[in-house]
Amino acid sequence: MLKRQEIVKRLKETLEEDRFRHTLRVEKIALSLAKKYGLDESKVSLAALLHDCARRYHRHELLVEAKRLGLSIDPIQEFEPKLLHAEISAHLARTEFKVRSKEVLHAINRHTVGAPKMSLLDKVIYLADHIEEGRAFPGVKRIRALAFRDLDRAIVESVTRTLLYLLENDLPVFHKTIETRNRFLLGI
1 MLKRQEIVKR LKETLEEDRF RHTLRVEKIA LSLAKKYGLD ESKVSLAALL
51 HDCARRYHRH ELLVEAKRLG LSIDPIQEFE PKLLHAEISA HLARTEFKVR
101 SKEVLHAINR HTVGAPKMSL LDKVIYLADH IEEGRAFPGV KRIRALAFRD
151 LDRAIVESVT RTLLYLLEND LPVFHKTIET RNRFLLGI
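Take 1 as the starting number for the sequence shown in the UniProt record's numbering and just add one per residue.
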């Protein structure tokens, strides 16, 4: 596995500047959440840094890469290929960045739409991506505060905001987004 310094160097070379800065902000809040919830900070840092490493690909390239890797592609993912970046990022983390931790790869894979069953690391990376300080959607301050009190409730709020955005903009909703919300809503 590569050291943080080398990972950051590679990300700076391959990601657009805004995406690179987003990645560092995700790492920052993820590490704050890690301290709060007693997680291994090295795993949190690694997952946060690599969660968007496939965002170096543009929409069409994500689709091409997903097909090359033999990933199952849902019609909604075909419509919105950015939904594929989490799974491709996990693949790149394993192959290019030599990550061996299944926990870290799992968290990277689930950071975009979540999943009905999520580990503590999965939840932290998912939320950190949604609430990093560069995000400015309605309700983000409330979700940030909730994340430090109740991760599951923060996930419900975050997914709800995502659903509202998709519905208000007449965009399709990926089934895993609904499954994630229902699981955490019913599990609270």
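Note that CB positions come from ideal geometry on N, CA and C, so glycine has one too.
With distances taken Cα to Cα, identify the nearest neighbour of residue i among the options.
i	options	result
D152	S72, K117, L84	K117
L166	R183, E80, F184, K102	E80
S119	K43, R10, D18	K43
K35	L121, R94, H106	L121
L183	K3, V104, A115, A136	A small correction: the amino acid at residue 183 is Arg; Leu does not occupy that position in the sequence shown. Checked all of K3, V104, A115, A136; the closest Cα to R183 is A115.
R135	T162, R110, R149	T162
A47	H175, P138, A90	A90
A185	D150, L24, V173	Going by the sequence as given, residue 185 is Leu instead of Ala. Closest option to L185, Cα to Cα, is D150.
If I measure Cβ to Cβ from residue i and keep anything under 8 Å in the same chain, skipping five residues before and after, which residues do I get?
i	result
I88	A54, Y57, L62, E65, A66, L69, L71
H85	D52, A54, R55, Y57, L62, T112
L39	L33, L120, L121, V124
F137	R161, Y165
Cutting at 7 Å between CB atoms, please list the residues of its own chain near residue i, excluding the five before and the five after it.
i	result
A154	L127, I143, L146, A147
A92	First, the residue type needs correcting, since residue 92 is Leu and not Ala in the sequence shown. Cβ neighbours of L92 beyond the five flanking positions: C53, A54.
Leaving out the 5 sequence neighbours to the left and right, which residues in its chain are closer than 6 Å to residue i when beta-carbon positions are compared?
i	result
S158	H130, I143
Please report the residue range of the alpha helix (DSSP H) in which residue i lies.
i	result
Y37	17-37
A86	85-95
K67	59-69
E78	75-79
residue 193	In the structure as shown, the chain begins at 1 and stops at 188. Residue 193 is therefore absent and cannot be evaluated.
A47	41-50
### Task
Just list the alpha helix (DSSP H) runs in the stretch 109-182, keeping only unbroken ones of 4 residues or longer that don't cross its boundaries, in chain order.
120-131, 140-147, 151-168
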